[in-house]
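K.L.:
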Amino acid sequence: MRFFRKKQGIGKAGAGWSLFAGVVSLIYFFPVLWIILTAFKTRTDTLSIPPKFIFTPTFDNFIAVFYRSAASSQDAASTGFELYFFNSIFIAGTSVILALIIGTLASYGFSRHPLRGNDTYLFVILTTRMLPPIIAIIPIFLMFRLSGLSGTYIGIILLYTAFNLPFSIWMIKSFFDEISTDVEDAARMDGSRDRGVFFKICLPQVKAGLAATAVFALILTWNEFLFALLLTGTDTRTVPVQMARTLGGEIGVDWGLLAAIVTIFLIPVFAVTYMLQNHLLRGVTFGTVKK
Numbered sequence: 004m005r006f007f008r009k010k011q012g013i014g015k016a017g018a019g020w021s022l023f024a025g026v027v028s029l030i031y032f033f034p035v036l037w038i039i040l041t042a043f044k045t046r047t048d049t050l051s052i053p054p055k056f057i058f059t060p061t062f063d064n065f066i067a068v069f070y071r072s073a074a075s076s077q078d079a080a081s082t083g084f085e086l087y088f089f090n091s092i093f094i095a096g097t098s099v100i101l102a103l104i105i106g107t108l109a110s111y112g113f114s115r116h117p118l119r120g121n122d123t124y125l126f127v128i129l130t131t132r133m134l135p136p137i138i139a140i141i142p143i144f145l146m147f148r149l150s151g152l153s154g155t156y157i158g159i160i161l162l163y164t165a166f167n168l169p170f171s172i173w174m175i176k177s178f179f180d181e182i183s184t185d186v187e188d189a190a191r192m193d194g195s196r197d198r199g200v201f202f203k204i205c206l207p208q209v210k211a212g213l214a215a216t217a218v219f220a221l222i223l224t225w226n227e228f229l230f231a232l233l234l235t236g237t238d239t240r241t242v243p244v245q246m247a248r249t250l251g252g253e254i255g256v257d258w259g260l261l262a263a264i265v266t267i268f269l270i271p272v273f274a275v276t277y278m279l280q281n282h283l284l285r286g287v288t289f290g291t292v293k294k
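For the sequence shown, counting from 1, position 191 maps to 194 in the numbering used here; every step adds exactly one.
As structure tokens, then:
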């Protein structure tokens with residue numbers, strides 16, 4: 004009888020924690036839900052007081068995103084937002100891929116072939132992320148101007164790659180450290196070279212870590228605003244920069260249009276996170292349970 008009472012008490016406690024987690028999740032997700040709902044409202048419904056939760060949805064804001072040239076912007080030369088979405092996807096995707104490739108090779112070297120002062124090198128790499136990026140904005144801006152990289156895809160991609168590298172190296176190295184070297188030694192005894200050991204033995208075992216690193220690096224790059232504002236031009240401008248320009252219209256802020264832009268802007272990150280959620284979960288919890 005005591006067993007059933009104890010089990011019932013555990014069940015009630017679990018239900019209580021589930022309810023608490025649901026409430027906290029709702030609080031965190033409510034701003035996102037509010038933005039999505041606003042994207043389907045007319046301008047009148049958006050500005051109504053009290054706010055309307057029941058309304059007739061419309062797709063006019065989404066149509067305006069691609070067929071109206073930055074409606075609230077004073078830049079008459081602005082093109083449709085499809086260019087800025089392409090720029091965000093291309094710049095973020097390319098920089099994340101480069102950071103993963105370079106970071107994977109570097110982290111494998113630090114993990115399997117440590118040099119003298121290996122910890123010092125890793126600490127120096129980490130220190131580049133300890134300070135706020137705004138401290139380096141002036142020298143980076145001058146360097147881009149003098150080298151002709153300002154306003155180019157190559158410049159902003161290289162900058163984002165450099166920003167993501169310290170995080171990628173530290174993140175991926177922790178996954179390589181968890182892999183036993185016995186498997187690699189056995190593969191070498193069977194005739195495999197270092198390249199084969201890396202690609203066939205080690206790399207498949209850190210897929211979860213690569214997925215987790217890719218998601219975090221993508222989020223950091225996808226939402227970056229300051230350097231994109233100063234170092235991109237009209238043809239290389241990203242969505243966050245153009246959204247800021249949309250806020251400065253003569254007729255006031257078109258909140259429905261802005262919400263539609265944000266809603267579309269969220270889709271790629273949500274899609275990538277959803278596709279990699281299994282790897283992401285394993286990557287985040289990797290090494291927490293001893294085998």
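From the three backbone atoms N, C-alpha and C, an ideal C-beta is built for every residue, glycine too. Only a predicted model underlies this, so the values are computations on that prediction, with no experimental measurement involved.
1) Considering P1, what are the terminal residues of the alpha helix (DSSP H) in which it resides?
2) Helix or strand or just coil, what does DSSP make of L50?
3) Does A67 pass the burial test, meaning 16 or more other C-beta atoms within 10 Å, or should it be called exposed?
4) Restricting to Cα atoms, I'd like to know which of V275, A274, L213, I264 is closest to Y70.
5) On the three-pair Cβ rule with 8 Å, is the region 100-115 touching the region 168-179?
6) Which residue wins for smallest C-alpha separation from L108, given the options N281, V209, A274?
7) Count Cβ pairs between the region 129-140 and the region 199-214 that sit closer than 8 Å; are there 3 or more?
8) Indicate the three-state DSSP secondary structure (helix, strand or coil) for D63 in the structure shown.
9) Cα separation between T235 and S171?
10) Within a Cβ cutoff of 8 Å, which residues of the same chain sit near A18, ignoring the five residues on either side of it in sequence?
11) When we look at the beta-carbon of P117 and count the other beta-carbons within 10 Å, is it buried (16 or more) or exposed?
12) Compute the beta-carbon to beta-carbon distance between V218 and V256, rounded to the nearest angstrom, for a pair I have assumed lies under 8 Å.
13) Mind listing, in chain order, the continuous alpha helix (DSSP H) runs of no fewer than 4 residues lying wholly within the region 91-135?
14) For S183, report the span of its alpha helix (DSSP H) as first-last.
15) Kindly list the residues whose CB is nearer than 6 Å to the CB of T266, restricted to its own chain and excluding five residues on each side of it in sequence; keep chain order.
16) Count the other C-beta atoms from every protein chain shown that fall within 10 angstroms of the C-beta of S183, then say buried if there are 16 or more, exposed otherwise.
17) Which of the three DSSP states is assigned to E227 in this structure?
18) So what does DSSP say about K55, is it helix, strand or coil?
19) Please identify the residue among W225, Y156, V244, P169 whose C-alpha is closest to the C-alpha of F113.
20) On a Cα-Cα basis, can you pick out the residue from S21, L86, K44, N64 that is closest to T239?
21) Give the secondary structure of L152 by DSSP, where H, G and I count as helix, E and B as strand, and everything else as coil.
22) Does V27 come out as helix, strand or coil in the three-state DSSP assignment?
23) So, under 8 Å CB-CB, I137 and L229 are touching, yes? Tell me the CB distance rounded to an integer number of Å.
24) Cβ atoms of F62 and S110: under 8 Å apart, would you say?
25) In three-state DSSP terms, what is S81?
26) Quick one, are the C-beta atoms of L232 and V242 less than 8 Å apart?
27) Please find out if some non-hydrogen atom of the ligand SAM comes closer than 7 Å to the beta-carbon of G112.
28) Whose C-alpha, out of G120, L152, A262, L223, is nearest the C-alpha of V272?
29) Would you report the Cα separation of R191 and L125, rounded to the nearest angstrom?
30) Flag this pair as yes or no: are the beta carbons of S91 and W225 separated by less than 8 Å?
31) Taking the straight line between their C-alpha atoms, what separation do you get for P54 and F23?
P.N.:
Straight from the coordinates:
1) Nothing can be reported for residue 1, as the shown portion of the chain is limited to 4 through 294.
2) coil
3) buried
4) I264
5) yes
6) V209
7) no
8) helix
9) 24 Å
10) none
11) exposed
12) No, V218 and V256 are not in contact; Cβ-Cβ is about 31 Å, not under 8 Å.
13) 121-130
14) Run containing S183: none; DSSP gives neither H nor E here.
15) I39, A42
16) exposed
17) coil
18) coil
19) P169
20) L86
21) coil
22) helix
23) 6 Å
24) no
25) Note that S81 scores a pLDDT of 44, beneath 50, so its modelled location is shaky and nothing firm can be said.
26) no
27) The ligand SAM is absent from the structure shown, which contains no ligand whatsoever.
28) L223
29) 28 Å
30) yes
31) 26 Å
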